[in-house]
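What follows is a short report on a single structure.
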Amino acid sequence: MKASKKYFFIINPQANSGRVLKTWQQVEIFLKAQQAQYEAVFSRDAEHVSLLAGEASHGGYTVVGVGGDGTISRIATALKGSKTHFGIIPAGSGNDFARSFGLPKDPVEACRVILQGEFVEVDLGIFNGRGFCNILGAGLDAKVAADANRIFKKFSGKFGYVLALIRQLILYRPALLELEIDGQTHQVKGWLVSIANGKYLGGGMKIAPQADPGDGFFDVIIVNEMSVFRFLYLFPLVYSGKHIDLDVVQVWRGRRISIRSNVPLDVQADGEMAGTTPFTIEVAAKALSLLVPKAYKEAVKVSE
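Numbers 263 to 566, taken from our numbering, label the letters of the sequence shown in order.
Now the structure itself:
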């Protein structure tokens, strides 16, 4: 089914410390020049984002999120299974989900992708009645996300994340984890677990280089216990994805994953705090119709 040529833009005015407003101005000038049929609403809060996305879906629109990963996650959850086409204008501090698809950083070029109407079907993670489209993390990952959003929010995505990581490496201690992945149990002591639909987190860290958002599986990345000094020494490898070859990193794949821990661990989903362990997540395969660059769609066809 072709994407609707009626577009509904949901703009998070708080994204990237308010700098999203300049992004939207550029997009709107382009839309008017293209004589596109569109409506646009600035969201009040996360619940309002979900409400707007649901209403736009029923109205026959292609829904477009203008914001960061948290905004995109809320819209994706609201659109789950609806076959409504979904576009992204990356305008947050991290934009990690968009990065997995090679979406342009330039807002006008990202909007051009949306108007071209090429799409692929991608998966959504479901846990505790809500969804996530990129990465769910527990342990150090979640502590760092909380600090990046609260203490280091004024810094850009990658730099703020690194500052938060350094702070938490001083404060945090590895935990005992029990993972059940498609019926198989694993016990580890580690710094963090990342359950990945997309490849990136923290403004460009390639935490799950083999993850495919449309294959019906999560990639599960465990960083085992090691000294803080070794962690910092090896940390740069995450930007190239080479960390997965290390003996202190384990990688599994699965559709249904349960995690328990010896102490309650904070959990983040797409950069937003989402409770504590224990939890269970499942894949909703091909739950979203995401508008992507033509080159990405052609690469998916070749791989199939």
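Backbone N, C-alpha and C fix where the C-beta goes; we use that ideal spot for every residue, glycine too.
Taking the C-alpha atoms as reference points, what is the distance between residue i and residue j?
| i | j | result |
| --- | --- | --- |
| Ala372 | Leu438 | 42 Å |
| Met488 | Arg281 | 38 Å |
| Lys461 | Phe480 | 10 Å |
| Asn390 | Ser502 | 32 Å |
| Ile397 | Asp331 | 10 Å |
| Leu425 | Gly464 | 11 Å |
| Thr346 | Gln512 | 36 Å |
| Asp507 | Gln472 | 12 Å |
| Ser344 | Phe292 | 28 Å |
| Gly516 | Lys556 | 29 Å |
| Ala302 | Leu314 | 10 Å |
| Ser551 | Phe348 | 6 Å |
| Gln430 | Leu283 | 32 Å |
| Pro526 | Ala318 | 38 Å |
| Pro369 | Gln449 | 44 Å |
How close, in whole Å, do the beta carbons of residue i and residue j come, if the pair is a contact with beta carbons under 8 Å?
| i | j | result |
| --- | --- | --- |
| Ile273 | Ser305 | 7 Å |
| Lys548 | Asp385 | 6 Å |
| Leu553 | Ile428 | That belief does not hold up - the Cβ atoms of Leu553 and Ile428 are roughly 37 Å apart, past 8 Å. |
| Lys342 | Gly393 | 6 Å |
| Val482 | Ile457 | 6 Å |
| Ala531 | Ser335 | 7 Å |
| Val562 | Val382 | 5 Å |
Can you check DSSP and say which residues form a bridge with residue i?
| i | result |
| --- | --- |
| Ile457 | Leu398, Val482 |
| Gly330 | Gly330 pairs with nothing; no bridge assigned. |
| Leu552 | Phe348, Val382 |
Taking only runs of the beta strand (DSSP E) that begin and end inside the region 344-388, which ones reach a length of at least 3 residues, in chain order? Listed in chain order, they are 347-352.
Every unbroken alpha helix (DSSP H) within the region 469-550, with a cutoff of 4 residues, ordered by chain: Entirely contained in the region 469-550, the alpha helix (DSSP H) runs reaching 4 residues are, in chain order, 490-496.
In chain order, which continuous runs of the alpha helix (DSSP H) of length 4 or greater are located wholly inside the region 271-301? List check, alpha helix (DSSP H) in window: 282-295.
Should the region 395-402 be regarded as contacting the region 453-468, the criterion being three or more beta carbon pairs within less than 8 Å? In short, these stretches touch, since the Cβ pair count reaches three.
Does the count of Cβ pairs from the region 296-304 and the region 346-356 closer than 8 Å reach three? The region 296-304 makes no contact with the region 346-356: fewer than 3 CB pairs, one atom from each, lie closer than 8 Å.
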